[in-house]
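A.B. asks: Dumping the structure here so I can ask a few things about it.
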C-alpha cells in the first residue's frame, strides 16, 4: 500500500498537477496540506473520477488538509483535540480496514511559527506540537498501524538543510522546535525517510525565491512518522523530487512510503 504526503500549496491552483500526479504515481492514500479552500469548493469531482474517496478539513484562503483514498473511510475525525478556540484547519484523521487490521492515517499541517520574536506565533507552534504529542500518545495505545503524515514545518537535523546556518533564526530550526519533534518521535515512532537513508541531500521543499530549486537549496520538512505496527511493514520510502520541476509547481514535493498492507 502506497501512502503519500504532499503540501499542494493551493489545490484549485494545482488541480492539473495533482490529477496528473495521481495517475502517474498511483498512491492508495494521499495526505494533502495547504489546500487553501473551503470544503464545498474542493475540486472533488476531478479526484473522485480517478477512483478516490475524498475527505477534507478546509479553510478559506489558507491552511486546510485533506485525505484522498482508494480505500473506503471507516471513520473520519477533523481537528486536533486540546484547544477549543483553535479554528485553524490543520488536522484530519482517517481510519481504514486492511488485511492486518485497522490503519489510521492523519494528515497534518503544523504551524510555521515565524517570526520567532512574535510570541503568539511561535508559542502557538509549540503548543500545537504539544497537543499533537498528547494525541499521538493516546493513539499509540490502540496498537494499530498509525501514520502521521504531513508538513511538520520542522527541520529535524542540520543534515536536513542544504545550508543549515541560514535557518538558525527560523522557527523551523529552533532548538525548542526540534526538541518537540524528538519528543514526538520518542513516543515510539519511526521517521520513514530516515529509516531508509541517512543521505544529507534529501529535501522536500525548495523556496520559489532566489533560484532555490535550481541550486538545490532545499530543506526537509515533510515527514511520515510510523507507529511500531506500521514501521514493521515498511518496504520503501522515497521523495518524488521530479514533481518540483513541473510547470506551476508547489514549493513542496510528495513523500511516499510503501507498507506491506492490503485493503480488507
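Numbering (the UniProt record's numbering), first residue to last: 1 to 264. Using N, Cα and C, we set each Cβ at its ideal position, and we do this for glycine too.
Using DSSP with H/G/I as helix, E/B as strand and the rest coil, what is residue 210?
C.D. replies: Counting from one through the chain shown, the residue named residue 210 turns up at place 210. Here residue 210 sits in coil by DSSP.
A.B. asks: Below 8 Å between beta carbons: does that hold for residue 17 and residue 246?
C.D. replies: The residue you call residue 17 lines up with position 17 of the chain shown. The residue you call residue 246 lines up with position 246 of the chain shown. By the CB criterion at 8 Å, residue 17 and residue 246 fall inside the cutoff.
A.B. asks: Tell me which residues share the same chain as residue 121 and place their Cβ nearer than 8 Å to its Cβ, disregarding the 5 neighbours each side in the sequence.
C.D. replies: For the purposes of this step, residue 121 is taken as the residue at position 121 of the chain shown. Scanning its chain for C-beta atoms nearer than 8 Å, with the 5 sequence neighbours on each side dropped, one finds around residue 121 the residues 111, 112, 113, 114, 115 and 171, in chain order.
A.B. asks: Can you list the beta strand (DSSP E) stretches of 3 or more residues lying completely in the region 7-41, in chain order?
C.D. replies: For the region 7-41, whole beta strand (DSSP E) runs of length 3 or above, ordered along the chain, are 29-33.
A.B. asks: Label residue 208 either buried or exposed according to how many other C-beta atoms from any shown protein chain fall within 10 Å of its C-beta, with 16 as the threshold for buried.
C.D. replies: Numbered from its first residue, the chain shown carries residue 208 at position 208. Classification for residue 208: exposed.
A.B. asks: Name the residue from 126, 250 and 37 whose alpha carbon lies nearest to the alpha carbon of residue 55.
C.D. replies: As a position in the chain shown, residue 55 is number 55, starting the count at 1. If we check each option's Cα against that of residue 55, 37 comes out closest.
A.B. asks: What whole-angstrom Cβ distance do residue 178 and residue 154 have, given they're in contact under 8 Å?
C.D. replies: What you label residue 178 is simply residue 178 of the chain shown in a count that begins at 1. What you label residue 154 is simply residue 154 of the chain shown in a count that begins at 1. Confirmed, Cβ separation roughly 7 Å.
A.B. asks: On the DSSP bridge assignment, give the partners of residue 2 in chain order.
C.D. replies: Residue mapping note: residue 2 aligns to position 2 of the chain shown, counting from 1. Residue 2 pairs with 258.
A.B. asks: Would you decide whether residue 24 is buried or exposed? Buried here means 16 or more other CB atoms lie within 10 Å of its CB.
C.D. replies: The residue you call residue 24 lines up with position 24 of the chain shown. Residue 24 should be labelled exposed.
A.B. asks: Enumerate, from N- to C-terminal direction, the unbroken alpha helix (DSSP H) stretches of 4 or more residues contained entirely within the region 161-226.
C.D. replies: Listed in chain order, they are 175-185 and 192-196.
A.B. asks: Grab me the residues of residue 89's own chain with a C-beta within less than 7 Å of its C-beta, minus the 5 sequence neighbours each way, in chain order.
C.D. replies: As a working note, residue 89 is residue 89 in the chain shown. 57, 58, 59, 63, 64 and 65, listed in sequence order.
A.B. asks: Tell me where the beta strand (DSSP E) around residue 91 begins and ends.
C.D. replies: In the chain shown, counting from the first residue as 1, residue 91 sits at position 91. Per DSSP, residue 91 belongs to the beta strand (DSSP E) from 91-98.
A.B. asks: By Cβ distance below 7 Å, which residues in the same chain neighbour residue 288 in space, the five residues on each side in sequence not counted?
C.D. replies: Residue 288 lies beyond the residue range present for the chain, which begins at 1 and ends at 264; the question has no answer from this structure.
A.B. asks: Would a C-beta distance cut-off of 8 Å place residue 192 and residue 257 closer than the cut-off?
C.D. replies: On the chain shown, residue 192 is found 192 positions in, with the first residue counted as 1. On the chain shown, residue 257 is found 257 positions in, with the first residue counted as 1. Closer than 8 Å, so yes.
A.B. asks: Decide yes or no for the touch test of the region 210-230 against the region 136-150: beta carbon pairs closer than 8 Å, at least 3 of them.
C.D. replies: yes
A.B. asks: Taking the runs of the alpha helix (DSSP H) that are 4 residues or longer, which of them lie wholly in the region 44-116?
C.D. replies: 44-48
A.B. asks: Taking 8 Å as the threshold (C-beta atoms), are residue 5 and residue 47 in contact?
C.D. replies: Position 47 of the chain shown holds residue 47. Position 5 of the chain shown holds residue 5. Against a cut-off of 8 Å, the Cβ pair of residue 5 and residue 47 comes out as no contact.
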